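Okay, so here's the structure we're looking at.
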Amino acid sequence: MFKRIQPVDKPVHLVFEEQPITACEGDSVAAALLAAGVTAFRQVARGDALRGPYCMIGNCYECRVEIDGKPNLQACQQRVRDGIQVRLQRGLRKPGERDEP
Amino acid sequence: MKDYDVAIIGGGLLGSAFAWGLADRGLRSVVFDEGDNAIRTARGNFGLVWVQGKGLGMPEYARWTLESSRQWVGFAERLRRETGVDTQYHRDGGFVICLDDDDFDSNVGLLEQLRREAGDGGYEFEIVEHVELRRRIPIVGDVPGATYCPHDGHCNPLRLLRALHTGYLNRGGEYRPWTRIGGLQARADGGFVVSAVDGKVVAAAAKLIVAAGHGSRELGSQVGLQVPIFPEQGQVVVTEKAAPVLNYPTNYVRQTDAGNFLLGPSSKNAGFDTSTEPATLRDITANCVRAFPLLDDFRVQRVWAALRVMTPDGFPVYQQSDSHPGAFSFACHSGVTLAANHALEVTEWVVRGDIPERYRPFHPRRFDVQANPASR
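Chains as they are written, first to last, in the numbering used here: chain U, 131 to 231; chain V, 1346 to 1721.
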């Protein structure tokens, strides 16, 4: 769907759901995924419908993904880093129960 | 220019509830609202339908609040059935979390005083110590305890506003946004003429309801209504969404049906300033994290400030004008909690043209320095 208008000169490697992706330094995670043909970033809270980026400027929260185990991150607000593991945000995050403080 | 039974100035939670109720009673009404450049108090609510702790020194208000929370059950169901809009009202009771022993003592003391003032009416609440609290709300932090009131609940206030508007429009009600009202005048025949700020006459009506939030003070004064209100700023913090873990609304935090946590409360006198600032937001989040430590690693999605419609004693101001009978004004900070009463009961007063005796304490003459029980 999307095509890069400039070649990738400084490659950064990440993984989205087991799929290796080569991005360009300075890309947002959202841009990198879109350029690699990924459009489904998350699964809704109820049901299994998929969602992807809408605004790309941090407002719509549709592009949330899990990065290195941290849930609910807006892919459009995160820069790519070498070696990051990106996953679909599947439904609502499960808040961890804490031990007695 | 059309002639209406009632012209309502203000399309917020009060005006919309009145509009819905009047349309339900078959009256022809019109609602004048400003645009989104208005103060829009009705868009900034936390969403509690709350009874606990309200009405100290005015048992009529405590009773009024309780009555509305009871009416809310059928009211929410009617709104859903008739408009398809689910207000997401839940009435499982609510907790006032106390962060330390002093806080716990004074909160229990407040509720005991309310119970004394309620007399035979009774005042239901429960003292919940830490261990039991942890059983009911497993995510609660290391706090001494809480008080619980079975009548408390919460809803989505934006959906409430939408449901009221939808129900009103469905019954043929007329809603006129972008019409800032500037003039209210009595007609020789007893009705009223309403004009916009540019002087253009926009409606004539037999009766008038001024429910214009912070605009009520100036508008009301034109028809003999004194509306002693001032803005009290409150800030709200919203976190990212999570799976449901908080099944009760509390004084600090509630989790919405969508999964977000709403964090509050705060209160300060900032005039009409609706900007948030770090000191207040830090206080809010610090208290909420003490109450619910798991919030510590939650990201904040949005923050905002809104301006409560506050009266000198915090209780509602309801009145019909002495000099201009047929002109009413209603103002309070509990547009969500009291929505059911406003829609179902207050509209009846307007139709009948009389505020019942038992609601006299809501009249602003209570602020008159000359007022005392003997002279009333």
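For glycine and all other residues, C-beta sits at the position ideal for the given N, C-alpha and C. Every value quoted in this text rests on a predicted model; they were computed, and no experiment measured them.
Please go through the stretch 148 to 210 of chain U and give each complete beta strand (DSSP E) segment of 3 or more residues, from N-terminal end onward. 149 to 154, 194 to 197 and 200 to 204
Does chain U have any CB closer than 8 Å to the CB of ALA1491/V? Counted from its first residue, the second sequence places residue 1491/V at position 146. Judged by the 8 Å Cβ criterion, ALA1491/V is not in contact with chain U.
Hey, is LEU180/U's beta-carbon within less than 8 Å of any beta-carbon in chain A? This model lacks chain A altogether, as its protein chains are U and V.
Interface flag, TYR184/U vs chain V, CB-CB below 8 Å: Along the first sequence, one-based indexing puts residue 184/U at 54. Chain V contact via Cβ: absent.
Identify, in the order they occur along the chain, each residue of the same chain with its Cβ nearer than 6 Å to the Cβ of SER1679/V, setting aside the five sequence neighbours on each side. Counted from its first residue, the second sequence places residue 1679/V at position 334. Same-chain partners within the cutoff: there are none.
Could you confirm whether any beta carbon from chain V is found closer than 8 Å to the beta carbon of PRO231/U? Residue numbering aside, residue 231/U sits at position 101 when the first sequence is read from its first letter. Low local confidence applies: a pLDDT of 35 at PRO231/U is under 50, so the model's placement there is unreliable, with the coordinate-based value given in what follows. Chain V contact via Cβ: present.
Those residues which DSSP pairs with LYS1552/V across a bridge: Residue numbering aside, residue 1552/V sits at position 207 when the second sequence is read from its first letter. Note: LYS1552/V sits in a beta bridge opposite VAL1351/V.
Could you work out which residue in ARG217/U, VAL195/U and LEU203/U is closest to GLN149/U when comparing CA atoms only? The residue given as residue 149/U occupies position 19 in the first sequence. Nearest C-alpha to GLN149/U: ARG217/U.
If distances are taken between C-alpha atoms only, which option among GLU147/U, ASN202/U and GLN136/U comes closest to ALA165/U? As a position in the first sequence, residue 165/U is number 35, starting the count at 1. Nearest of GLU147/U, ASN202/U and GLN136/U to ALA165/U, Cα basis: GLN136/U.
Any C-beta of chain U under 8 Å from that of ALA1631/V: Against the second sequence, residue 1631/V aligns to sequence position 286. No - not a single Cβ of chain U is within 8 Å of the one on ALA1631/V.
Between which two residues does the beta strand (DSSP E) harbouring ARG1599/V extend? Looking up residue 1599/V in the second sequence gives position 254. Looking at the DSSP string, the run of the beta strand (DSSP E) that includes ARG1599/V is 1598 to 1600.
Could you confirm whether any beta carbon from chain V is found closer than 8 Å to the beta carbon of ARG211/U? Translated into the one-based positions of the first sequence, residue 211/U becomes position 81. It does not: the Cβ of ARG211/U has no partner Cβ on chain V nearer than 8 Å.
Spell out the partners DSSP gives VAL1473/V in its beta bridges. As a position in the second sequence, residue 1473/V is number 128, starting the count at 1. Paired residue(s): ALA1491/V.
Buried or exposed (CB count within 10 angstroms, at least 16 for buried), GLU230/U: Within the first sequence, the letter at position 100 stands for residue 230/U. Residue placement at GLU230/U is flagged as unreliable, the pLDDT there being 38, under the threshold of 50; the coordinate-derived value follows with that caveat. Classification for GLU230/U: exposed.
Specify whether the stretch 1411 to 1422 of chain V and the stretch 1596 to 1608 of chain V touch according to this definition: at least 3 beta carbon pairs, one from each stretch, less than 8 Å apart. no
Using a Cβ-Cβ distance under 8 Å, would GLU227/U count as near chain V? Numbered from 1 along the first sequence, position 97 holds the residue referred to as residue 227/U. At GLU227/U, the pLDDT of 42 sits below 50, so the modelled position is not reliable and the matter cannot be decided from this model.
Helix, strand or coil at THR1584/V according to DSSP, with G and I counted as helix: Your numbering for residue 1584/V matches position 239 in the second sequence. In this structure, THR1584/V counts as strand in the three-state DSSP scheme.
Please decide whether LEU222/U counts as near chain V, where near means a Cβ-Cβ distance under 8 Å. Within the first sequence, the letter at position 92 stands for residue 222/U. Taking Cβ atoms only, chain V reaches closer than 8 Å to LEU222/U, which makes this a yes.
Identify every residue that forms a DSSP beta bridge with GLU1412/V. In the second sequence, residue 1412/V corresponds to position 67, counting from 1. Beta-bridge pairing links GLU1412/V to no other residue.
Please check if any C-beta of chain V sits within less than 8 Å of the C-beta of VAL216/U. In the first sequence, residue 216/U corresponds to position 86, counting from 1. Answer no: the Cβ-Cβ gap between VAL216/U and chain V never drops below 8 Å.
Touch test, the stretch 1439 to 1452 of chain V against the stretch 1390 to 1408 of chain V, Cβ-Cβ under 8 Å, three pairs minimum: yes
Report back the beta-carbon spacing between ALA1650/V and THR1630/V to the nearest angstrom; my notes put them in contact at under 8 Å. Position 305 of the second sequence, counted from the first residue, corresponds to residue 1650/V. Position 285 of the second sequence, counted from the first residue, corresponds to residue 1630/V. So it is not a contact: roughly 15 Å between Cβ atoms.
Does the Cβ of PHE1617/V lie closer than 7 Å to at least one heavy atom of the ligand HEM? This structure lacks the ligand HEM; in fact it carries no ligand of any kind.
State the Cα-Cα distance for the pair VAL1555/V and ASP1448/V, rounded to the nearest angstrom. As a working note, residue 1555/V is residue 210 in the second sequence. As a working note, residue 1448/V is residue 103 in the second sequence. Going by the C-alpha atoms only, they are around 38 Å apart.
DSSP state of HIS143/U, grouped into three classes? As a working mapping, residue 143/U is identified with position 13 in the first sequence. Strand.
Buried or exposed: HIS143/U, going by 16 or more other Cβ atoms within 10 Å of its Cβ? As a first step, residue 143/U is located in the first sequence; it is residue number 13 there, counting from the start. That one is exposed.
Span separating the alpha-carbon of GLY1616/V from that of GLN1578/V: Here residue 1616/V refers to the residue found at position 271 when the second sequence is read from its first residue. Here residue 1578/V refers to the residue found at position 233 when the second sequence is read from its first residue. So the alpha carbons of these two residues sit roughly 8 Å apart.
Give, in chain order, every residue of the stretch 1643 to 1672 of chain V whose Cβ lies closer than 8 Å to some Cβ of chain U. PHE1643, ARG1644 and GLN1646
Quick check on ASP212/U: buried or exposed, where buried means 16 or more other Cβ atoms within 10 Å of its Cβ? Walking along the first sequence from the start, residue 212/U turns up at place 82. By the 10 Å Cβ count, ASP212/U comes out exposed.
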